[in-house]
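See structure below.
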């Protein structure tokens, strides 16, 4: 019965979607409105206006910086929500019976963790010129820490990156966006105007502000993902 | 239907598969997986909307004239972060439900 | 300087939310005070902004100084001002109410998180109201949805977790529908900025893609607004959430679905395809009015009654919007105001009763009106407004809805509105009868139950909401300062 209902709903939905697909403009056509209406400005002037070779980063941090700030709020919300449901992580570590894996595995992880972290740093800081950026780097940081945790146990990880530190990092991105935004207002422009050339800030200062935003996005998204992992891991351990 | 929109059709098909999983499967984890399939299909659709024949990645280099549309990529990046958040919340709820209702009962 | 409040009213609550976990390590009450201050700031700036709208009609702000469609614009017009005022005042009232309620009903470790989520919910809704860019609107939609899922389940009971999970599933499907709809609109027009999107869509033929995008987004907001067959998540989520949260969810969050529908129908589509959409949705709304009221009549749990009643009342709002006429829209917006004030007052009262007396079944409420007279007076005012007695806001809204329906020649819709009001009156009378006229319940010891004093922290927000509901009912002209230009503005967008 439930399946029949589902199939009925799906066919209804499918009809609408089929009608949509057949009447959409041809994919990849340079004449499409998606390629001709708003986007040329980003591609033609993005480098000059924001100093980012990577247009994705230019849009992410400058043209649509407000969206990015709100996206960090979404991540923060998800964390707060998970905490509200699973209960707060205690600030002290607790003893855990954990069997270390073999020496080989441990050695590989010990050698590769610094390399991964260096790669993450590269991805975060070079988001302006090549593909990469805050989120991507943050996720690499988080993955590295998760690998470390899986091999050495949750307590070892918590000893190195305490929940308190993570708590500060988690709010860092939103607060630095807020700070940069308020700086824009204080300098007499609009919120977040500090990333645009209109205010006449020097290129160096603007690059520094963008870097601050990029790094704080990386740290915050990394910290949130690590915290989410810890929360779920703690429950699994019971 | 023009053959060029084949990829759109694939995305929509994936969307429906995910939707079916959410609707018809009783297991909470499978429902979450279904939601992830739906999310991914929307990302696929958005990315293919931004494509441009012969375009290269939107990193401005001298000598390259055509770039793909960077805006859908930004949108997908943000939607992905949202998807991570939603999945994490859904998983933590599912875990808590299993915990409170006893490990044996994994349906709800 | 005034224009900066447009962005600060969104960002201040959100940024404050991130500070609460840090500060509450040292300062136990940080959550309550910071949340109240931030929401007070939002309310104050909302007042300033509404003043700006009264003068200019539409105020816009380019975030980051980039002109749209390249950057993001946020704007406030008459419709937005109406919703903004409602959202900021109601969330402030709920935050103040929560102080005592949360201390009595939640674990100490969850209290800061409660305020964090409350701020995120309020900030998310305010941002959603102000968004001028359709993707920006989607992000705010996610912020307030995620925080409301968590707030439903924050007390940690298995039933509320299950209700919250169902809410999450339907909410996520709805947000994916919105995202897919946005993708379709983007691929047709190449922009995400609403006015330009509307302009570009206006010159395109009404193709299958536009129809699919409209259907996806409207169904998605229908899920969020709990429109009849899509409402299945609502009774569980709204009745099992902590009462202040229920008040916000019923009073505001479902209205955001309505606001999203208004945005799509008028700002983006410009009333295109209104005949086919209108016929379907007014049928759904009419069913919602009757079915919701019937379910409410059958229930015995006071919060479940109110939750089912929300399904019925939101039906009126949606009916009004899909009439696409002056009286219909005015009645719908008036009903938004009426339901927001009355239903949140009712849920807060229910919260006091549940928290002080410890029960929620109607039989247990017998004679409670003599024990908590002040509280129950406001409770009755709110019930009267819900049941649309004369001299309440509910009466005015239903009057306009009937007028709108008759004007369109849809007499059966006017009949549905009257029948729905009659059924609402029935369950309201049933509740009042239990509260005031039934013999008081007998406590376990054999004597009459005694109730502790109601704290002013709880009484004042309820009083303000009840008084506001009364004021708007006696002087409906007050709300028309905003509603009339809002409706005229919306109708001006119909092509």
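Chains as they are written, first to last, in our numbering: chain A, 334 to 571; chain B, 33 to 140; chain C, 35 to 529. A virtual CB, placed ideally from N, CA and C, is assigned to each residue, including glycine. Just so we're clear, the structure is a prediction, and the values are computed from it rather than from any experiment.
In the structure shown, what three-state DSSP assignment does residue i receive?
{"i": "residue 79 (chain C)", "result": "helix"}
{"i": "residue 227 (chain C)", "result": "strand"}
{"i": "residue 240 (chain C)", "result": "coil"}
{"i": "residue 494 (chain A)", "result": "coil"}
{"i": "residue 89 (chain B)", "result": "coil"}
{"i": "residue 165 (chain C)", "result": "strand"}
{"i": "residue 467 (chain C)", "result": "helix"}
{"i": "residue 554 (chain A)", "result": "helix"}
{"i": "residue 194 (chain C)", "result": "helix"}
{"i": "residue 221 (chain C)", "result": "helix"}
{"i": "residue 435 (chain A)", "result": "coil"}
{"i": "residue 308 (chain C)", "result": "helix"}
{"i": "residue 189 (chain C)", "result": "coil"}
{"i": "residue 535 (chain A)", "result": "coil"}
{"i": "residue 58 (chain C)", "result": "coil"}
{"i": "residue 422 (chain C)", "result": "coil"}
{"i": "residue 125 (chain C)", "result": "helix"}
{"i": "residue 510 (chain A)", "result": "helix"}
{"i": "residue 523 (chain A)", "result": "coil"}
{"i": "residue 37 (chain C)", "result": "coil"}
{"i": "residue 374 (chain A)", "result": "helix"}
Kindly identify the DSSP beta-bridge partner or partners of residue i.
{"i": "residue 96 (chain C)", "result": "C:107"}
{"i": "residue 395 (chain C)", "result": "C:335"}
{"i": "residue 387 (chain A)", "result": "B:91"}
{"i": "residue 356 (chain C)", "result": "Answer by DSSP bridge pairing: none, since residue 356 (chain C) is not bridged."}
{"i": "residue 99 (chain B)", "result": "B:88"}
Only counting the same chain, and skipping five residues up and downstream in sequence, which positions put a Cβ closer than 6 angstroms to that of residue i?
{"i": "residue 122 (chain B)", "result": "64"}
{"i": "residue 250 (chain C)", "result": "211, 214, 215"}
{"i": "residue 308 (chain C)", "result": "358"}
{"i": "residue 358 (chain A)", "result": "365"}
{"i": "residue 383 (chain A)", "result": "391, 395"}
{"i": "residue 438 (chain C)", "result": "357, 359, 361, 362, 365"}
Does any residue of chain C bring its CB to less than 8 angstroms from the CB of residue i?
{"i": "residue 362 (chain A)", "result": "no"}
{"i": "residue 47 (chain B)", "result": "yes"}
{"i": "residue 499 (chain A)", "result": "no"}
{"i": "residue 549 (chain A)", "result": "no"}
{"i": "residue 404 (chain A)", "result": "yes"}
{"i": "residue 78 (chain B)", "result": "yes"}
{"i": "residue 38 (chain B)", "result": "no"}
{"i": "residue 83 (chain B)", "result": "no"}
Return the chain-ordered list of same chain residues with a C-beta closer than 8 angstroms to the C-beta of residue i, the five sequence neighbours on each side being excluded.
{"i": "residue 442 (chain A)", "result": "480, 481, 484, 485"}
{"i": "residue 295 (chain C)", "result": "252, 255, 256, 259, 352, 355"}
{"i": "residue 461 (chain C)", "result": "327, 330, 331, 339, 343"}
{"i": "residue 376 (chain A)", "result": "388"}
What does residue i reach in chain C if we use C-beta pairs closer than 9 angstroms?
{"i": "residue 122 (chain B)", "result": "183, 199, 202, 203, 206"}
Is there a Cβ of chain B sitting closer than 8 angstroms to that of residue i, yes or no?
{"i": "residue 258 (chain C)", "result": "no"}
{"i": "residue 418 (chain A)", "result": "yes"}
{"i": "residue 437 (chain A)", "result": "no"}
{"i": "residue 455 (chain A)", "result": "no"}
{"i": "residue 36 (chain C)", "result": "no"}
Mind listing the chain A neighbours of residue i? Cutoff is C-beta to C-beta under 7 angstroms, in chain order.
{"i": "residue 51 (chain B)", "result": "343, 346"}
{"i": "residue 96 (chain C)", "result": "523"}
{"i": "residue 103 (chain C)", "result": "371"}
{"i": "residue 70 (chain B)", "result": "Residues of chain A passing the Cβ test: none, with the nearest at roughly 11 angstroms."}
For residue i, return the contacting residues in chain A, with the cut-off set at a CB-CB distance below 9 angstroms.
{"i": "residue 43 (chain C)", "result": "Per Cβ cutoff of 9 angstroms: no residues; residue 43 (chain C) is ~11 angstroms from chain A at best."}
{"i": "residue 150 (chain C)", "result": "409, 410, 413, 416, 417"}
{"i": "residue 59 (chain B)", "result": "Those do not exist, as residue 59 (chain B) stays about 13 angstroms from chain A at its closest Cβ, beyond 9 angstroms."}
{"i": "residue 334 (chain C)", "result": "Residues of chain A passing the Cβ test: none, with the nearest at roughly 28 angstroms."}
Using a Cβ-Cβ cut-off of 7 angstroms (strictly less than) and excluding sequence neighbours within five positions of residue i, which residues of its own chain qualify?
{"i": "residue 460 (chain A)", "result": "387, 390, 466, 467, 547"}
{"i": "residue 326 (chain C)", "result": "342, 343, 345, 346, 349"}
{"i": "residue 236 (chain C)", "result": "304, 529"}
{"i": "residue 530 (chain A)", "result": "382"}
{"i": "residue 488 (chain C)", "result": "386, 390, 406, 409"}
At least one CB of chain A closer than 8 angstroms to the CB of residue i: is that the case?
{"i": "residue 65 (chain B)", "result": "no"}
List the residues of chain C whose Cβ lies closer than 8 angstroms to the Cβ of residue i, in chain order.
{"i": "residue 365 (chain A)", "result": "221, 224"}
Less than 7 angstroms between the CB of residue i and some heavy atom of the ligand MN, yes or no?
{"i": "residue 317 (chain C)", "result": "Of ligands this structure carries none, so the ligand MN is not represented either."}
Could you tell me which chain B residues have their CB closer than 9 angstroms to the CB of residue i, listed as they occur along the chain?
{"i": "residue 478 (chain A)", "result": "The premise fails here: residue 478 (chain A) is roughly 16 angstroms from chain B at the closest Cβ pair, so nothing lies under 9 angstroms."}
What in chain A is Cβ-close to residue i, meaning under 8 angstroms?
{"i": "residue 218 (chain C)", "result": "353, 357"}
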